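Visitor: With the working numbering, letter number 12 in the sequence shown gets 1043, and the count goes up by one each step, no holes.
Every residue gets a Cβ at the ideal spot worked out from N, C-alpha and C, and that includes glycine.
Note that the coordinates shown come from a computational prediction; the quantities given were computed from them, not determined experimentally.
Just dropping this structure here.
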Amino acid sequence: MQTGFARFISCLDSYLDLLDSFTIIDKGLCYGQALLLAEVLTDPPLNLALIKWYDFKSKRNLYLYGCPHLKLIELYNFVAIESIYSVVHIVP
């Protein structure tokens, strides 16, 4: 089990790997699918969502018929529900 600064560095490395895994971010937004909603009972409680991320299929053609052309990638993260900007419907 890591503690202190070593844990911080490990978390920072994971975060930077997450940013590197996205080829393009659409106007500051990333697309993901919420798989699980959870509440961690602390003071104050943490509301988390387990997210499976999408990325653009092509770097050349980002949109198909005016909609983002996306594919699922094998990357999962817990994010605070409050950080979710908006809900969109993605058609596979």
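Relative to the alpha-carbon of Ile1104, which residue among Asp1086, Ser1041 and Cys1098 has its alpha-carbon at the smallest distance?
Guide: Nearest of Asp1086, Ser1041 and Cys1098 to Ile1104, Cα basis: Asp1086.
Visitor: Specify, as a first and last residue, the run of the beta strand (DSSP E) that Leu1072 falls within.
Guide: Premise fails: Leu1072 is in no beta strand (DSSP E) and is neither H nor E.
Visitor: Quick check: what's the CA-CA separation for Leu1043 versus Gly1063?
Guide: Distance between the alpha carbons of Leu1043 and Gly1063 is about 21 Å.
Visitor: Which residue from Ser1089, Ile1082, Ile1040 and Ser1041 puts its Cα closest to that of Ala1111?
Guide: Nearest option by C-alpha distance: Ile1082.
Visitor: Report the residue from Leu1079, Tyr1094, Tyr1107 and Cys1098 whose alpha carbon sits nearest the alpha carbon of Ser1114.
Guide: Among Leu1079, Tyr1094, Tyr1107 and Cys1098, the Cα nearest to that of Ser1114 belongs to Leu1079.
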